[in-house]
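One structure is given below, encoded as structure tokens.
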Amino acid sequence: MTIYRLAYVSRPSPEISADDLRQIAETAARRNAELEITGILIHEFHRFTQLLEGPLDAIEALMVSIIADERHSGIRIFLQQSAEARSLSRWILWSDYDRTAMSAGELQVREEIVRAALESLAELDAERHSGLSPGPS
Ligand SMILES: Cc1cc2nc3c(=O)[nH]c(=O)nc-3n(C[C@H](O)[C@H](O)[C@H](O)COP(=O)(O)O)c2cc1C
């Protein structure tokens, strides 16, 4: 089965609480299961990184809700691709509040997605700086 994979980074709202994260986790566990979406949401105090994988129409429907969600802002999608297989068999929330136990394979996916996010943010930074430079006169 061909699946679709999407990943983004965003900035948590400054007011976000442990309760908000519990609520997101509850909704996501239920809705992602219904939509056959697997992936990982990594919450750090200054950044969300999320990988979603599943049917394209399900990912699109979910992203409409996620983009409208005021508990974060500055969403930057840095990965969109189709794949032959899922890299994760469940949906996981990993947060500074709640460190979910993960298998070695899941830890590796988490590391890869965090690295890809940081590379994409470094690129964005470089674009911004080149835009600001005065250039040759
Ligand atoms: C960073 C972040 C990640 C989220 N991830 C998911 C998710 O994977 N699945 C999900 O159902 N909701 C997720 N949510 C919650 C959705 O934005 C939304 O509130 C929920 O799906 C209910 O959608 P609705 O308000 O359109 O009914 C996330 C919210 C945030 C702030």
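Residue numbers (our numbering): 33 to 169. Quick reminder that beta carbons are idealized off the backbone N, C-alpha and C, glycines included. It should be emphasised that the depicted structure is a prediction, and the values quoted were computed from it without experimental measurement.
Continuous beta strand (DSSP E) stretch holding residue i: start and end
{"i": "arginine 131", "result": "It is not in any beta strand (DSSP E) - arginine 131 carries neither H nor E in the DSSP assignment."}
{"i": "leucine 83", "result": "79-86"}
{"i": "arginine 108", "result": "104-115"}
{"i": "arginine 118", "result": "Here arginine 118 belongs to no beta strand (DSSP E), and DSSP marks it neither H nor E."}
{"i": "glutamate 76", "result": "70-76"}
Contacting residues, own chain, Cβ-Cβ under 6 Å from residue i (five flanking each side not counted)
{"i": "threonine 34", "result": "Ser114"}
{"i": "leucine 38", "result": "Leu84, Ile91 and Gln112"}
{"i": "leucine 73", "result": "Gln82 and Leu125"}
Residue i beta carbon near ligand 1 (any heavy atom closer than 7 Å)
{"i": "leucine 153", "result": "no"}
{"i": "aspartate 89", "result": "no"}
{"i": "threonine 59", "result": "yes"}
{"i": "leucine 38", "result": "no"}
{"i": "leucine 120", "result": "no"}
{"i": "aspartate 101", "result": "yes"}
{"i": "glutamine 113", "result": "no"}
{"i": "glutamine 82", "result": "yes"}
{"i": "serine 42", "result": "yes"}
{"i": "serine 105", "result": "no"}
Residue i, buried or exposed, once every other Cβ within 10 Å from all chains shown has been counted against 16
{"i": "phenylalanine 77", "result": "exposed"}
{"i": "histidine 75", "result": "buried"}
Limits of the unbroken alpha helix (DSSP H) element including residue i
{"i": "threonine 59", "result": "50-67"}
Cut-off 7 Å between Cβ atoms - residues of its own chain near residue i, not counting five sequence neighbours on either side
{"i": "histidine 104", "result": "Ser42, Arg43, Pro44, Ser45 and Phe80"}
Residues near residue i by beta carbon distance below 8 Å, same chain, minus five either side
{"i": "valine 141", "result": "Ile72, Leu83, Ser119 and Leu120"}
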